[in-house]
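S.K.: One structure coming up, written as structure tokens, with questions to follow.
In the numbering used here, the protein residues as written are 17 to 200.
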């Protein structure tokens with residue numbers, strides 16, 4: 017692993033994002049020191065402050081640069097002075113769709129000494145990963161309003177799942193399960 021250097025784009029984002037990313041980079045540094053992997057960071061100023069100053073959310077030129085990275089470390093997105101949805105659609109969802117980030121992994125672990133409803137179990141009993149499709153479903157943005165501003169106003173939201181999207185998420189989950197259970 018030490019023969020390769022990983023290129024990581026860092027997008028601290030808004031709100032708690034910069035603080036969380038700063039701490040995450042400390043963890044990355046500690047992991048690299050312990051395991052010997054190397055990495056190069058490049059920081060990008062994308063988020064609410066940039067949008068308020070320039071009107072740009074994610075310029076095409078930066079999106080093209082991001083395609084060349086091994087990973088993108090993205091903090092929180094959202095700014096109190098920017099209308100909800102603008103940054104989320106223009107940055108977060110655009111990155112997902114344009115870079116085909118179709119899987120959202122959510123590891124679940126039970127940590128010792130944490131009071132919870134599973135208190136009779138140990139960390140060795142709870143260890144699984146939730147695999148979510150990240151570009152379809154409600155993220156497709158299909159839906160809208162009818163009769164807006166009237167007593168009959170209706171809002172619709174369509175959950176779109178394609179066969180292609182479902183199959184690749186299922187295959188990803190299946191392959192991940194096989195790898196995780198290889199030694200069991």
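The C-beta atom is built at its ideal place from N, Cα and C for all residues, glycine as well. Quick caveat, the model's predicted, so the values are computed rather than measured.
In whole angstroms, what is the alpha-carbon distance linking residue 201 and residue 43?
M.R.: This structure cannot settle anything about residue 201, because the visible part of the chain is limited to 17 through 200.
S.K.: If you run the structure through DSSP and keep just helix, strand and coil, what is residue 130?
M.R.: Walking along the chain shown from the start, residue 130 turns up at place 114. If DSSP states are grouped into helix, strand and coil, residue 130 belongs with coil.
S.K.: Report the partner residues of residue 25 according to the DSSP bridge assignment.
M.R.: Position 9 of the chain shown holds residue 25. In DSSP, residue 25 forms a bridge with 58 and 88.
S.K.: Over the uninterrupted alpha helix (DSSP H) stretch that includes residue 143, give me the two end residues.
M.R.: As a working mapping, residue 143 is identified with position 127 in the chain shown. From DSSP, residue 143 is part of no alpha helix (DSSP H) but of the beta strand (DSSP E) over 143-149.
S.K.: Using CA coordinates, which residue listed in 157, 95, 146 and 143 is at the minimum distance from residue 109?
M.R.: As a working mapping, residue 109 is identified with position 93 in the chain shown. Residue 157 is the option with its Cα nearest to residue 109.
S.K.: With C-beta atoms as the reference, is residue 147 less than 7 Å away from residue 189?
M.R.: In the chain shown, the residue the question calls residue 147 occupies position 131. In the chain shown, the residue the question calls residue 189 occupies position 173. Yes, Cβ-Cβ distance for residue 147 and residue 189 is below 7 Å.
S.K.: Here's a check: name, in chain order, each residue in its chain whose Cβ is nearer than 8 Å to the Cβ of residue 103, leaving out the five neighbours to either side.
M.R.: Along the chain shown, read from residue 1 onward, the residue named residue 103 stands at position 87. Contacts found: 30, 63, 64, 67, 73, 93, 94 and 95.
S.K.: What separation, rounded to the nearest whole angstrom, lies between the Cα atoms of residue 161 and residue 172?
M.R.: Translated into the one-based positions of the chain shown, residue 161 becomes position 145. Translated into the one-based positions of the chain shown, residue 172 becomes position 156. For residue 161 and residue 172, the distance between alpha carbons rounds to 6 Å.
S.K.: Between which two residues does the beta strand (DSSP E) carrying residue 121 extend?
M.R.: Taking the first residue of the chain shown as 1, we reach residue 121 at position 105. Unbroken beta strand (DSSP E) run through residue 121: 119-125.
S.K.: Output needed for residue 122: all residues of its chain with C-beta closer than 6 Å, excluding positions within five of it in sequence on either side, in chain order.
M.R.: Taking the first residue of the chain shown as 1, we reach residue 122 at position 106. Answer for residue 122: 146, listed in chain order.
S.K.: Name the DSSP beta bridge partners of residue 172, please?
M.R.: For the purposes of this step, residue 172 is taken as residue 156 along the chain shown, with counting starting at 1. Looking at the DSSP assignment, residue 172 forms a beta bridge with 160.
S.K.: Look at the alpha carbon of residue 111 and the alpha carbon of residue 82, and state the distance between them as a whole number of angstroms.
M.R.: In the chain shown, residue 111 corresponds to position 95, counting from 1. In the chain shown, residue 82 corresponds to position 66, counting from 1. Taking the straight line from one Cα to the other gives about 9 Å.
S.K.: Beta-carbon separation of residue 150 and residue 186 under 7 Å?
M.R.: As a working mapping, residue 150 is identified with position 134 in the chain shown. As a working mapping, residue 186 is identified with position 170 in the chain shown. Going by C-beta atoms, residue 150 is not nearer than 7 Å to residue 186.
S.K.: Nearest to residue 99 by alpha carbon, out of 169, 45, 165 and 71?
M.R.: Residue mapping note: residue 99 aligns to position 83 of the chain shown, counting from 1. Here the closest residue by C-alpha is 71.
S.K.: Restricting to runs no shorter than 4 residues, where is the alpha helix (DSSP H) found entirely within the stretch 32-82?
M.R.: Qualifying alpha helix (DSSP H) stretches, in chain order: 33-51, 64-70 and 76-82.
S.K.: Within the same chain, show all residues whose beta-carbon is closer than 6 Å to that of residue 57, passing over the 5 residues directly before and after it, in chain order.
M.R.: Taking the first residue of the chain shown as 1, we reach residue 57 at position 41. Same-chain partners within the cutoff: 24 and 26.
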